[in-house]
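Protein chains in written order, with our numbering: chain A, 270 to 820; chain B, 189 to 369.
Below: one structure, written as structure tokens.
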């Protein structure tokens with residue numbers, strides 16, 4: 270069945286797609302926004318410590334569908350395994366209106382200027398496809414600012430001397446210090462470091478018609494019941510719908526991008542909420558499904574012109590899958606610290622993002638989000654058994670008397686860490702599923718060791734009587750909620766998938782607008798960069814749009 | 189084939205297979221477990237988080253949690269539990285000439301350490317690794333002990349009280365004990 274033609278169809282309503290839908294709808298384009306998940310309202314949140322997007326012992330409340338959407342994971346020994354959204358190897362990100370931004374921790378980092386020029390600064394290590402971005406921090410700066418003000422960021426990074434230049438401060442102040450900050454901030458200063466308040470996409474005061482944070486500690490992995498956390502589902506998507514030019518369709522699974530005889534995209538075929546095959550034609554097709562699903566959609570869009578998948582003439586689609594290996598340490602103290610105040614993560618340093626002797630890149634370090642009892646039971650140091658009285662004693666002694674510091678290490682992209690489509694396994698709708706394989710770069714382990722060293726130092730200075738390293742010690746495939754890199758942005762069509770405006774090199778009306786275009790992923794949570802790129806690419810589309818197509 | 193269909197099909201196969209004992213639940217107060225399986229599992233839970241000045245996993249209702257989840261989210265582990273719980277009693281009878289639930293706590297701990305080390309006698313463990321089964325029971329017992337009371341475990345939030353968490357900590361619009369489908 271063919272639906273009414275529109276100017277743009279946007280596939281995926283997360284950090285990227287939500288922003289694009291709003292920008293294009295406000296510019297007067299007719300937009301259809303397809304989302305494979307459902308719309309979650311704030312009062313649906315169950316605050317279930319066993320069933321949330323971060324602790325998945327009893328599943329994932331915000332998708333993807335746990336009975337319809339498997340993936341295939343290939344381990345380093347080459348063994349294949351069918352995996353489901355609650356399994357770690359699935360490398361899940363939420364599938365609902367707002368995507369990951371409904372239930373994220375909401376750290377809102379700008380990448381540093383160096384993060385866009387990694388190869389020029391460090392040179393690519395053996396085994397890595399490390400490269401510079403074709404755009405710079407300065408190109409994105411106005412769009413970072415737009416994201417901060419339109420979607421809403423609180424925090425105070427003024428004490429950080431390493432941050433890239435910015436024209437405007439953040440729109441909202443940080444929350445008052447919690448008990449961890451009262452220990453960690455002076456400790457970092459004594460070490461000569463530069464602690465500051467983490468920028469977060471979370472209202473601390475009423476902003477844009479929504480209330481400030483109630484400081485519950487059930488935050489990262491959960492939807493916000495008081496609607497203080499700012500995702501695309503409660504900011505730009507309602508704004509897009511309010512224009513009257515955007516239609517949101519939920520529970521819609523994109524099957525393939527359709528081409529005409531001249532090799533331009535005609536639209537997308539998808540399965541609607543009743544599992545009926547639909548065809549939505551559009552002048553522009555915008556793919557914002559996240560690094561894994563966006564690559565899968567291109568690879569599933571095969572035609573005579575693109576037998577290996579759309580935009581994949583040079584076999585770069587799905588390559589360079591990366592995320593963030595987190596490492597740090599747990600510090601045990603001889604006094605009570607736990608204050609039950611959310612969101613938990615408050616204080617950070619960027620002293621070690623760059624300029625670390627012998628290392629490429631680095632990481633932001635910050636204290637951790639919430640501590641829930643079941644989750645903490647997995648934190649016991651080596652030597653403490655998982656069960657029995659010794660386990661119980663550990664929990665009783667340290668649950669309230671500990672701090673965790675962690676950071677996301679900047680990863681070196683690897684060509685063979687990749688998304689393919691599986692030749693055999695299909696999802697509920699008969700579409701080949703994503704097949705994940707490969708390993709991250711060994712340099713990531715060096716960075717993680719360094720992160721744990723610095724976290725231990727910080728915790729000891731803050732008074733920890735014992736520290737327990739929480740360090741990645743082996744290579745694995747990295748992706749997860751910070752998944753990125755599978756449709757690299759670049760100037761050379763032979764070694765990248767999209768151009769500097771997120772447009773496929775090979776098809777001039779298909780855009781990839783999500784973390785799949787990231788050349789590198791910074792030593793930071795990537796979401797604000799995804800939003801900034803979405804504003805940046807939307808700006809290009811609006812400037813070149815001439816009713817019915819691009820100029 | 190969706191996973192639900194697959195699970196349904198595989199459990200039908202298990203029911204039909206003559207080698208797998210799928211007992212009657214007519215005399216059991218539980219949802220999935222028979223009375224004797226429940227006694228064995230409860231004894232396991234009581235050693236995984238033992239009672240001392242604070243209640244342990246048995247007092248917290250970890251058994252209720254696991255039984256409930258074995259017909260819910262953890263239903264894919266049904267066959268593992270059915271075989272593993274029988275296997276533990278088999279090993280216990282071989283080593284101590286008594287069922288697991290009737291051993292002394294020290295004997296029980298000794299057997300559990302041997303399970304963890306894959307060093308237990310009995311035909312069951314040729315089919316399922318002892319360590320894998322025990323690891324799964326530990327994981328589910330921790331869920332039942334520390335997880336939200338709404339799932340049937342952590343009765344009266346005993347583990348949260350033990351840790352000094354404000355109780356109830358859930359600033360939710362819905363009642364704490366509301367069941368999950």
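Heads up, the beta-carbon is just placed ideally off N, CA and C, and yes, glycines get one too.
Item to check | Distance between residue 291 of chain B and residue 498 of chain A (C-alpha atoms, nearest Å) | outcome: Translated into the one-based positions of the first chain, residue 498 of chain A becomes position 229. Translated into the one-based positions of the second chain, residue 291 of chain B becomes position 103. About 53 Å.
Checklist entry - Between the C-alpha atoms of residue 813 of chain A and residue 297 of chain A, what's the straight-line distance to the nearest angstrom? => result Residue mapping note: residue 813 of chain A aligns to position 544 of the first chain, counting from 1. Residue mapping note: residue 297 of chain A aligns to position 28 of the first chain, counting from 1. Answer to the nearest angstrom: the Cα atoms are 14 Å apart.
Item to check | C-alpha gap between residue 805 of chain A and residue 778 of chain A, whole angstroms | outcome: The residue given as residue 805 of chain A occupies position 536 in the first chain. The residue given as residue 778 of chain A occupies position 509 in the first chain. Near 16 Å, if we compare the C-alpha coordinates of residue 778 of chain A and residue 805 of chain A.
Checklist entry - List, in order along the chain, the chain B residues whose C-beta lies closer than 7 Å to that of residue 643 of chain A? => result Translated into the one-based positions of the first chain, residue 643 of chain A becomes position 374. Under the 7 Å cutoff, chain B gives 330, 331, 334, 335.
Next on the checklist: Please state whether the Cβ-Cβ distance between residue 278 of chain A and residue 530 of chain A is less than 8 Å.
Outcome noted: Numbered from 1 along the first chain, position 9 holds the residue referred to as residue 278 of chain A. Numbered from 1 along the first chain, position 261 holds the residue referred to as residue 530 of chain A. Not a contact, by the Cβ cut-off of 8 Å.
Item to check | Interface residues of chain B facing residue 273 of chain A [CB-CB closer than 7 Å] | outcome: If you number the first chain from 1, residue 273 of chain A lands on position 4. Residues of chain B passing the Cβ test: none, with the nearest at roughly 32 Å.
Checklist entry - Can you round the beta-carbon distance between residue 568 of chain A and residue 581 of chain A to whole angstroms, since I take them to be within the 8 Å contact cut? => result In the first chain, residue 568 of chain A corresponds to position 299, counting from 1. In the first chain, residue 581 of chain A corresponds to position 312, counting from 1. Confirmed, about 7 Å.
Item to check | Collapsed DSSP secondary structure at residue 348 of chain B in the structure displayed | outcome: Taking the first residue of the second chain as position 1, residue 348 of chain B is located at position 160. DSSP, read as helix, strand or coil, puts residue 348 of chain B in helix.
Next on the checklist: Once DSSP output is grouped into helix, strand and coil, what is the label at residue 619 of chain A?
Outcome noted: Locating residue 619 of chain A in the first chain gives position 350, where the first residue counts as 1. Here residue 619 of chain A sits in coil by DSSP.
Item to check | Cα-Cα separation, residue 476 of chain A to residue 424 of chain A | outcome: Within the first chain, numbered from 1, the residue matching residue 476 of chain A stands at position 207. Within the first chain, numbered from 1, the residue matching residue 424 of chain A stands at position 155. Rounded to the nearest angstrom, the two C-alpha atoms are 14 Å apart.
Item to check | Environment of residue 651 of chain A [buried if 16+ CB atoms lie within 10 Å] | outcome: What you label residue 651 of chain A is simply residue 382 of the first chain in a count that begins at 1. Per the 10 Å Cβ criterion, exposed.
Checklist entry - Considering only C-alpha positions, which residue in the set A/730, A/795, A/739, A/816 is nearest to residue 456 of chain A? => result Residue mapping note: residue 456 of chain A aligns to position 187 of the first chain, counting from 1. Ranking A/730, A/795, A/739, A/816 by Cα distance to residue 456 of chain A puts A/730 first.
Checklist entry - Using a C-beta to C-beta distance shorter than 7 Å, which residues of chain B count as neighbours of residue 664 of chain A? => result The residue labelled residue 664 of chain A in the question sits at position 395 within the first chain. In chain order: 351.
Checklist entry - In terms of alpha-carbon separation, which member of B/229, B/270, B/351 lies closest to residue 211 of chain B? => result Stepping through the second chain from its first residue, residue 211 of chain B is reached at position 23. When each option's Cα is compared against that of residue 211 of chain B, the closest is B/270.
Checklist entry - What does residue 235 of chain B reach in chain A if we use C-beta pairs closer than 8 Å? => result Translated into positions along the second chain, residue 235 of chain B becomes position 47. Result: 656, 657.
Item to check | Nearest-angstrom beta carbon gap, residue 586 of chain A and residue 564 of chain A [assumed within contact, 8 Å] | outcome: The residue labelled residue 564 of chain A in the question sits at position 295 within the first chain. The residue labelled residue 586 of chain A in the question sits at position 317 within the first chain. Indeed, because the Cβ distance is near 6 Å, the residues count as touching under 8 Å.
Item to check | Proximity test, Cβ basis, 8 Å: residue 339 of chain B and chain A | outcome: Sequence index remark: in the second chain, residue 339 of chain B carries index 151 (1-based). It does; some Cβ of chain A falls within 8 Å.
Item to check | Whole runs of the beta strand (DSSP E) within the stretch 329-401 of chain A, excluding any shorter than 3 residues | outcome: 340-343, 349-352
Next on the checklist: Strictly under 8 Å for the Cβ-Cβ distance: is residue 780 of chain A near chain B by that measure?
Outcome noted: Counted from its first residue, the first chain places residue 780 of chain A at position 511. No, because no Cβ of chain B sits closer than 8 Å to the Cβ of residue 780 of chain A.
Checklist entry - Quick one: Cα of residue 471 of chain A to Cα of residue 543 of chain A, how far? => result Residue 471 of chain A sits at position 202 when you count from the first residue of the first chain. Residue 543 of chain A sits at position 274 when you count from the first residue of the first chain. Looking at the two C-alpha atoms, the distance is approximately 35 Å.
Item to check | Distance CB(residue 383 of chain A)-CB(residue 623 of chain A) smaller than 8 Å | outcome: Looking up residue 383 of chain A in the first chain gives position 114. Looking up residue 623 of chain A in the first chain gives position 354. Yes, these two residues count as a Cβ contact at 8 Å.
Next on the checklist: Please tell me whether residue 479 of chain A has its Cβ less than 8 Å away from any Cβ of chain B.
Outcome noted: As a first step, residue 479 of chain A must be located in the first chain, where it is residue number 210. It does not: the Cβ of residue 479 of chain A has no partner Cβ on chain B nearer than 8 Å.
Checklist entry - Listing by chain order, which chain A residues have their CB less than 8 Å from the CB of residue 240 of chain B? => result By 1-based counting over the second chain, the position of residue 240 of chain B is 52. Against residue 240 of chain B, the close residues of chain A are 658, 661, in the order they occur along the chain (beta-carbon pairs closer than 8 Å).
Item to check | is_contact[residue 261 of chain B, chain A] using C-beta, thresh 8 Å | outcome: Residue numbering aside, residue 261 of chain B sits at position 73 when the second chain is read from its first letter. So, interface residue.
Checklist entry - From residue 737 of chain A to residue 666 of chain A, what does the alpha carbon distance come to, in whole angstroms? => result Taking the first chain and counting its residues from 1, one reaches residue 737 of chain A at position 468. Taking the first chain and counting its residues from 1, one reaches residue 666 of chain A at position 397. Straight-line Cα distance between these residues: approximately 15 Å.
Next on the checklist: Taking beta-carbon pairs under 7 Å, can you tell me which members of the stretch 326-340 of chain A lie near chain B?
Outcome noted: 326, 327, 328, 336, 337
Checklist entry - Of the residues A/377, A/791, A/562, which one's Cα is nearest the Cα of residue 782 of chain A? => result Indexing the first chain from 1 puts residue 782 of chain A at position 513. Checking every option, the nearest Cα to that of residue 782 of chain A belongs to A/562.
Checklist entry - What first and last residue would you give for the alpha helix (DSSP H) that runs through residue 605 of chain A? => result Counting from 1 along the first chain, the entry for residue 605 of chain A is found at position 336. Per DSSP, residue 605 of chain A belongs to no alpha helix (DSSP H) and is neither H nor E.
Checklist entry - DSSP on residue 639 of chain A, reduced to helix/strand/coil? => result For the purposes of this step, residue 639 of chain A is identified with residue 370 of the first chain, where counting begins at 1. It is coil, neither helix nor strand.
Item to check | Rounded separation between residue 598 of chain A and residue 591 of chain A - CA only | outcome: Numbered from 1 along the first chain, position 329 holds the residue referred to as residue 598 of chain A. Numbered from 1 along the first chain, position 322 holds the residue referred to as residue 591 of chain A. If you take the alpha carbons of residue 598 of chain A and residue 591 of chain A, they lie about 23 Å apart.
Item to check | Which listed residue (A/577, A/449, A/321) has its alpha carbon closest to that of residue 362 of chain A | outcome: One-based indexing of the first chain puts residue 362 of chain A at position 93. Taking only the C-alpha atoms, the option nearest residue 362 of chain A is A/321.
Item to check | Spatial distance of residue 761 of chain A from residue 442 of chain A (CA atoms) | outcome: For the purposes of this step, residue 761 of chain A is taken as residue 492 along the first chain, with counting starting at 1. For the purposes of this step, residue 442 of chain A is taken as residue 173 along the first chain, with counting starting at 1. When rounded, the distance between both Cα atoms is 42 Å.
Next on the checklist: Quick check on the burial criterion: 16 or more other C-beta atoms within 10 angstroms. Buried or exposed for residue 620 of chain A?
Outcome noted: Translated into positions along the first chain, residue 620 of chain A becomes position 351. Flag for residue 620 of chain A reads buried.
Item to check | Neighbourhood of residue 378 of chain A by C-beta distance below 6 Å, restricted to the same chain and skipping five residues each side | outcome: By one-based count along the first chain, residue 378 of chain A stands at place 109. Same-chain partners within the cutoff: 793, 794, 797.
Checklist entry - For chain B, is any of its Cβ atoms less than 8 Å away from the one on residue 239 of chain A? => result Any question about residue 239 of chain A goes unanswered here, given that chain A covers just 270 to 820.
Checklist entry - Buried or exposed: where does residue 315 of chain A fall if 16 or more other Cβ atoms within 10 Å of its Cβ makes it buried? => result Numbered from 1 along the first chain, position 46 holds the residue referred to as residue 315 of chain A. Label assigned to residue 315 of chain A: buried.
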